[in-house]
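> After the structure tokens below, expect a handful of questions from me.
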DNA sequence: CGCCATAGGGTATACGTATACGCATAATAT
DNA sequence: ATATTATGCGTATACGTATACCCTATGGCG
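Residue numbers (my numbering), protein chains in the order written: chain A, 2 to 345; chain B, 2 to 345.
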């Protein structure tokens, strides 16, 4: 028999108790300087006593600002709905916290590429801007981005920064990271380095990583062998298949740079099955440093992206856009984590 | 030089074009039956042509329904902010998708236990209800739940269903799962079975799992040895420490049932360090079936919870509460996944 | 002592939708 | 044929806040 939840207090209630008008309450709580310190303090005290909170809907309706951001994950259209790219998932915490710190709520949504999300989020005034995460079908993606730009929707996306992108992009230094990985493999004496991951413009981030590898090899006086590059998407199965295809081709290789940890883990399974020892026969490097990377045997050398930095950077860039402040593309550093899979 | 984004169309625009009044547009689009089929079709066509979407804020303000749910993750107050319990994280996809399916948006937030989330979400009309995930300080948690109940806030939480809880709870059959795990260990001939995980009422879910284990042992005529139960929270380090404490105690044991995979993985590390072979010397079972469980060596036998079912059940229960429909506590089945760590 | 700037706050209204209510017309009952 | 009810829609208004605009009292200045 809990007491009835008392009706939600409004700014009028506060105004009445404070002996002022409703707009004054609004001004006081929003920090307008045309309210005297005494009045403001009094209003704030009363508001606290009544457990008053500004009605989000009314406030947003009037001011046309929601103080909410939307986070859209794009999934590849896969029959298995349950799989979320673990890498993007781990960015979630970082983004959420940064939003909270800046006083923004975060709406979250998973989207298949083919959906009309660009319409749904564009004008229903749910959010002030959109953060886009994921790969998906890149061409389809681009066309929808163009639509967003046309509509004046504010957004920022995670991706390849080197690419001439539509809209504002924040991302890791994929080329530099690929270069680090390549240099490390060269350093431990590997010369036949394979790359597993789509290196076409369908996957700009993977392409950047490959470019970095090539650059490192050339710097060491080697020429990358195109026959050692195999397409793969970021799943374990795809990595397994790519590695098997590579093995079947008969091309000799003594190292693999995988475009993601999931690909690397799949490849390791394929190598283990044919009795290849890692790193003795084949050294291997992944990308992302997912938790599983330190559990494989051998543990996986990989590239750690700056996830903690990603959230603040994405949110800050988006808020700058929303407030029409100038904002430049920014690149986050990535760092090679050396583990057993490259320990000679 | 993109063309100016045309002003957002309102229901008045549609009304004008359709030659009806604004309320009729609202009625038509909301599916009121007091609009003729012809009028409705016409309105819908025009709305589609103008890319009209209902303004969420205005709609929510007027109807006092937001069609938005809030998902609150509780983190243990840890210095390392970046860690999110991977198990809860994997529920996210399931919950998000179910929300979308039911036409609800999802707000997400990570909260430290000590924050005043129960105030912040209670009356700002951001959401119609709250889904609570996480453990945190259980006593503190309960006191805040009581506050929510008092305020009439609608919520549902994931947790131990056997416990006499405050509010509505959805959870796995932890006791049954513990029983399955125990029965399996008994079946492969183990008699000295240790349990790693807090078995007090600070962690009802863990306690349930322990109760299940005890039940299985007693059913086989054995009495669980309290000396083989060691407290641990759900982290790898805690599992490592608990296993080491167990080893140091000198108590003989031939199996471990860990209350979570993270604990199990930590324990495996401890056992491996002292040269114990798994499962030969010590069989081990975890809980959660996180991705890492199939990558450890030996691969980890564990309990898989029905994550795909969890989202729909949580959301459905919450919506029932919101709409004042009766709703009973519901329990999801859990299934033992047998892997190498118990393969004798 | 009159003039103007400023501080402080009131008045009126807009944001876009949903709903209570009323009023025709048409359909049905008596 | 009149009374009754349902159908389809318009009128008026409320939801709670933020802001443009206006007004008053003060103080500084000449």
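Ideal Cβ positions, reconstructed from N, Cα and C, are used throughout, including at glycine.
Please confirm if residue 126 of chain A has its CB atom under 8 Å from at least one CB of chain B.
yes
> Using DSSP's beta-bridge definition, name the partner residues of residue 74 of chain B.
B/111, B/134
> Where does residue 145 of chain A land, buried or exposed, given buried means 16+ other C-beta within 10 angstroms?
buried
> Using only CA atoms, which one of A/309, A/324, A/281, A/302 lies nearest to residue 340 of chain A?
A/302
> Which residue comes first and which comes last in the beta strand (DSSP E) that contains residue 102 of chain B?
First-last for residue 102 of chain B: 87-102, but that is the alpha helix (DSSP H), not the beta strand (DSSP E).
> Chain B partners of residue 24 of chain A, CB-CB under 7 Å?
Residues of chain B with a Cβ closer than 7 Å to the Cβ of residue 24 of chain A do not exist, since the nearest Cβ in that chain sits about 18 Å away.
> List, in order along the chain, the chain B residues whose C-beta lies closer than 9 Å to that of residue 107 of chain A?
108, 109, 110
> For the pair the stretch 92-105 of chain B and the stretch 310-330 of chain B, tell me if three or more CB-CB distances fall below 8 Å.
Here the stretch 92-105 of chain B makes contact with the stretch 310-330 of chain B; the two share three or more CB pairs at distances below 8 Å.
> Quick check: what's the CA-CA separation for residue 244 of chain A versus residue 320 of chain B?
47 Å
> Return the Cβ separation of residue 198 of chain B and residue 261 of chain B in integer angstroms, given the expectation that the two are a contact with Cβ distance under 8 Å.
7 Å
> If you draw a straight line from the C-alpha of residue 15 of chain A to the C-alpha of residue 44 of chain A, how long is it?
7 Å
> Give every residue of the same chain whose Cβ lies closer than 8 Å to the Cβ of residue 1 of chain A, excluding the five residues on either side of it in the sequence, and list them in chain order.
Lying outside 2 to 345, the shown extent of chain A, residue 1 of chain A is not represented and no answer is given.
> Is there a C-beta anywhere in chain A that falls below 8 Å from the one on residue 234 of chain B?
Answer no: the Cβ-Cβ gap between residue 234 of chain B and chain A never drops below 8 Å.
> If we count the other Cβ atoms within 10 Å of its Cβ and call it buried at 16 or more, is residue 290 of chain A buried or exposed?
buried
> From the beta carbon of residue 94 of chain B, is the nearest beta carbon of chain A less than 8 Å away?
yes
> Counting only beta-carbon separations shorter than 8 Å, does residue 298 of chain A have a partner in chain B?
yes
> If you compare alpha carbons, which of A/216, A/226, A/25, A/274 is closest to residue 253 of chain A?
A/226
> Would you please verify whether the beta carbon of residue 325 of chain B is less than 8 Å from any beta carbon of chain A?
no
> Could you tell me which of A/26, A/56, A/234 sits nearest to residue 201 of chain A, measuring between CA atoms?
Measuring from the Cα of residue 201 of chain A, the nearest candidate turns out to be A/234.
> Take residue 342 of chain A as the anchor and find which of A/220, A/271, A/278 has the nearest alpha-carbon.
A/278
> Taking the C-alpha atoms as reference points, what is the distance between residue 308 of chain B and residue 217 of chain A?
43 Å
> Who are the Cβ neighbours of residue 169 of chain B in its own chain at under 8 Å, not counting the five residues just before and after it?
156, 157, 158, 318, 319, 322, 328, 330
> With a threshold of 8 Å between beta-carbons, can residue 170 of chain B be considered close to chain A, or not?
Not an interface residue.
> Tell me, which residues are paired with residue 106 of chain A by DSSP?
A/69
> Please name the residues in the stretch 275-298 of chain A whose beta-carbon is closer than 7 Å to at least one beta-carbon of chain B, in chain order.
292, 293, 296, 297, 298
> Within 10 Å of its beta-carbon, does residue 281 of chain B have 16 or more other beta-carbons around it, so buried, or fewer, so exposed?
exposed
> Looking at chain A, which residues of the stretch 32-65 of chain B have a Cβ within less than 9 Å of any of its Cβ atoms?
Residues are counted here when their Cβ sits less than 9 Å from a Cβ of chain A; for the stretch 32-65 of chain B these are 52, 53, 54, 55, 56, 57, 58, 59, 60, 61, 62, 63, 65, given in chain order.
> I'd like to know if residue 30 of chain B contacts chain A, where contact means its C-beta is closer than 8 Å to some C-beta of that chain.
Residue 30 of chain B does not count as touching chain A.
> Does residue 11 of chain B get closer than 8 Å to chain A when you measure Cβ to Cβ?
With respect to chain A, the C-beta atom of residue 11 of chain B has no partner C-beta closer than 8 Å.
> Buried or exposed: which applies to residue 231 of chain A, given that a residue is buried once 16 or more other Cβ atoms fall within 10 Å of its Cβ?
Counting Cβ neighbours within 10 Å, residue 231 of chain A comes out buried, since at least 16 surround it.
> Could you tell me whether the Cβ of residue 101 of chain B comes closer than 8 Å to any Cβ of chain A?
Interface residue, yes.
> Can a CB atom of chain B be found closer than 8 Å to the CB of residue 90 of chain A?
Against chain B, the CB of residue 90 of chain A has a partner CB under 8 Å away; the residue lies at that interface.
> Within 10 Å of its beta-carbon, does residue 237 of chain B have 16 or more other beta-carbons around it, so buried, or fewer, so exposed?
buried
> Secondary structure at residue 306 of chain B, three-state DSSP: helix, strand or coil?
strand
> Work out the CA separation of residue 304 of chain A and residue 338 of chain A for me, nearest whole Å.
6 Å
> Can you name, in chain order, every residue of its own chain whose Cβ lies under 7 Å from the Cβ of residue 103 of chain A, other than the five neighbours on each side?
316, 320
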